[in-house]
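With the sequence shown counted from 1, adding 449 to any position gets you the working numbering. Report on the following structure.
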Amino acid sequence: MNPFRLFITLFFLTAAHFMAIAGREMPPLEPLSDKASITILTCDPGAQLYSTFGHSAIGVFDPAQGVNWVFNYGTFTFNVPNFYFKFASGKLLYNLSFGPKHRFLQEYQRAGRMVTEDVLNLSPYQKQRLFDLLVENYKPENRNYQYDFFFDNCATRILDIISLTLGDSLTYQPIGNEPVQTFRNLIDEYLEESYWSDFGIDIALGSVIDHPASPEQKAFLPDYLKEYLYRCTLNGKPLIKESHTLVSESRPLPVTPFLLRPAVLFWLIFFLLTYLTIRYRQKSWVIGDRILFSTWGLVGVIVLLLWVATDHDATAGNLNVFWANPLYLVYVFFITDKKSRLVKWVSLSILSINLLLLIGWGLIPQEYHLVFVPIIGSLVIRSAAQYLRNK
Numbered sequence: 450m451n452p453f454r455l456f457i458t459l460f461f462l463t464a465a466h467f468m469a470i471a472g473r474e475m476p477p478l479e480p481l482s483d484k485a486s487i488t489i490l491t492c493d494p495g496a497q498l499y500s501t502f503g504h505s506a507i508g509v510f511d512p513a514q515g516v517n518w519v520f521n522y523g524t525f526t527f528n529v530p531n532f533y534f535k536f537a538s539g540k541l542l543y544n545l546s547f548g549p550k551h552r553f554l555q556e557y558q559r560a561g562r563m564v565t566e567d568v569l570n571l572s573p574y575q576k577q578r579l580f581d582l583l584v585e586n587y588k589p590e591n592r593n594y595q596y597d598f599f600f601d602n603c604a605t606r607i608l609d610i611i612s613l614t615l616g617d618s619l620t621y622q623p624i625g626n627e628p629v630q631t632f633r634n635l636i637d638e639y640l641e642e643s644y645w646s647d648f649g650i651d652i653a654l655g656s657v658i659d660h661p662a663s664p665e666q667k668a669f670l671p672d673y674l675k676e677y678l679y680r681c682t683l684n685g686k687p688l689i690k691e692s693h694t695l696v697s698e699s700r701p702l703p704v705t706p707f708l709l710r711p712a713v714l715f716w717l718i719f720f721l722l723t724y725l726t727i728r729y730r731q732k733s734w735v736i737g738d739r740i741l742f743s744t745w746g747l748v749g750v751i752v753l754l755l756w757v758a759t760d761h762d763a764t765a766g767n768l769n770v771f772w773a774n775p776l777y778l779v780y781v782f783f784i785t786d787k788k789s790r791l792v793k794w795v796s797l798s799i800l801s802i803n804l805l806l807l808i809g810w811g812l813i814p815q816e817y818h819l820v821f822v823p824i825i826g827s828l829v830i831r832s833a834a835q836y837l838r839n840k
């Protein structure tokens, strides 16, 4: 597994399911007819990183005018200056696009991803009002927006425009004791079989996503938007009038072989390092320790850059820098065959910090991935060995 891919996951999980066709003109239309309907399309998660969490879009159907469109807030275009830099730094603008519904569905049919459609129970006035807002939002001066995976995405924009259309007549009906879930808990539900993506995302995302999400905030995920709308009433009547399955095929997602899962690999490395450290405790292991600490020092640099050098709010406050410390990259230059008081005390500091992380695991205000245990354990073993060798 390319280490870079672990971190680029953060960016590609926010990518659009198709690229926008810039400048598509909307034909002039008469007011919507009485036969028009407004629907919410919910698309299943896919096998690619960008499709891990599914997708949402708005459907507009008016047979009287030959309209059968999909409005999509999850698109962007490549032909902007410094595309990759803007994408990585969180500065890339996403936009609202629209296109024929059959083309939208064809992509999901090819990918084997289920698509369901929920018809909103709106009056003719409310349908026209929502459609007018979409048209206004599609104007060139309005269609672009600063994407945020948790708070401003293809699903939250749909909830926003529905709320703006319906105002106080829209009411959410909570169920009994709704489970308290953090934003990290919510995305973890979609990563149970995506072991490397789960691992990489938990390295890249900071403590800011370990706060409980309200029912409305949970709607950043398409499945939870669908659930939220099902629990809403409009003037006492269900907001969702009826539902249809538009694409029924749902292919199983690929599964990572057991021996290639991060938990298996890092526990094997931990036990191997522990055995070799005890068995050959007189050896200096200069090259091995330089590789170990350089690897996680580089990871720490990436974590720190995601925190301070990008506009990704979700990467802020990342406490992984305590164990994936960028300063390891300085430490490795002092690891030699000769004894050093500096290496001795720095090794003791590294040992102490990582031991405290393991001992106080449940007290850390950021949910650490369990795979971090063998990684931190490996750092403990080798920093302890360096401390003892340099005494």
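Yeah, the Cβ is synthetic: ideal placement off N, Cα and C, and Gly gets one too. Quick caveat, the model's predicted, so the values are computed rather than measured.
Judged by their CB atoms, residue 608 and residue 677 are nearer to each other than the 8 Å cut-off. For residue 658, the secondary structure class from DSSP, reduced to helix, strand or coil, is helix. With distances taken between CA atoms, residue 560 lies nearest to 503 out of 544, 588, 545, 503.
Residue environment for residue 729: exposed (fewer than 16 other C-beta atoms within 10 angstroms of its C-beta). Looking at the DSSP output, residue 693 sits in a beta bridge with 566.
Residue 759 and residue 483 have their C-alpha atoms some 48 Å from each other.
The alpha-carbon of residue 517 is positioned some 25 Å away from that of residue 594. In the structure shown, residue 524 falls within a strand segment according to DSSP collapsed to helix, strand and coil.
Under a 10 Å Cβ-count criterion, residue 801 is classified as exposed, with fewer than 16 other Cβ atoms of the shown protein chains found around its own Cβ. Burial state of residue 566 is buried, judged by a 10 Å Cβ sphere holding 16 or more other Cβ atoms.
For residue 826, the enclosing alpha helix (DSSP H) stretches over residues 821 to 838. About 26 Å separates the CB atoms of residue 599 and residue 487; that is not less than 8 Å, and the two are not in contact.
Assignment of beta strand (DSSP E) within the segment 679 to 756, counting only whole runs of 3 or more residues, yields 681 to 683, 689 to 696 in chain order. Closest in alpha carbon position to residue 693, among 683, 766, 573, 489, is 489. In the same chain as residue 807, and ignoring 5 residues on each side of it, the C-beta atoms closer than 8 Å to its own belong to 822, 825, 826, 829, in chain order. Inclusion of residue 711 and residue 746 in the CB contact set at 8 Å is not warranted, their separation being larger than that value. In this chain, residue 595 is not harboured by any alpha helix (DSSP H); it is covered by the beta strand (DSSP E) spanning 593 to 595.
Beta-bridge partners assigned by DSSP to residue 631: 661. Under DSSP, residue 485 takes part in no beta bridge, so it has no partner. Non-local beta-carbon contacts of residue 539 in its own chain, meaning distances under 7 Å to residues more than five positions away in sequence, involve 759, 760, 761 in chain order. Here the C-alpha atom of residue 805 lies approximately 16 Å from the C-alpha atom of residue 819. Comparing alpha-carbon positions, the option among 476, 475, 481, 494 lying closest to residue 702 turns out to be 494. Partner residues in the beta bridge of residue 506, as assigned by DSSP, are 490. One alpha carbon belongs to residue 669, the other to residue 498, and they sit about 17 Å apart. Counting along the chain, residue 546 sits inside the beta strand (DSSP E) bounded by residues 542 to 549. Between residue 831 and residue 726 the beta-carbon gap is near 7 Å, inside 8 Å, which marks them as a contact.
Here the segment 703 to 723 lies against the segment 630 to 649, with 3 or more beta-carbon pairs under 8 Å apart.
In this chain, the beta strand (DSSP E) harbouring residue 619 covers 619 to 621.
Taken through DSSP and simplified to helix, strand or coil, residue 803 comes out as helix. Of 585, 734, 491, the smallest CA-CA separation from residue 787 is found for 734. Using a Cβ-Cβ distance cut-off of 8 Å, the segment 644 to 658 and the segment 765 to 780 are in contact, since at least three pairs of beta carbons, one from each stretch, lie closer than that value. Comparing C-alpha distances from residue 547 to each of 527, 512, 584, 528 shows the shortest one belongs to 584. Taking a C-beta distance under 8 Å as the contact criterion, residue 520 and residue 545 qualify as a contact pair.
The three-state reading of DSSP puts residue 516 in strand, counting E and B together.
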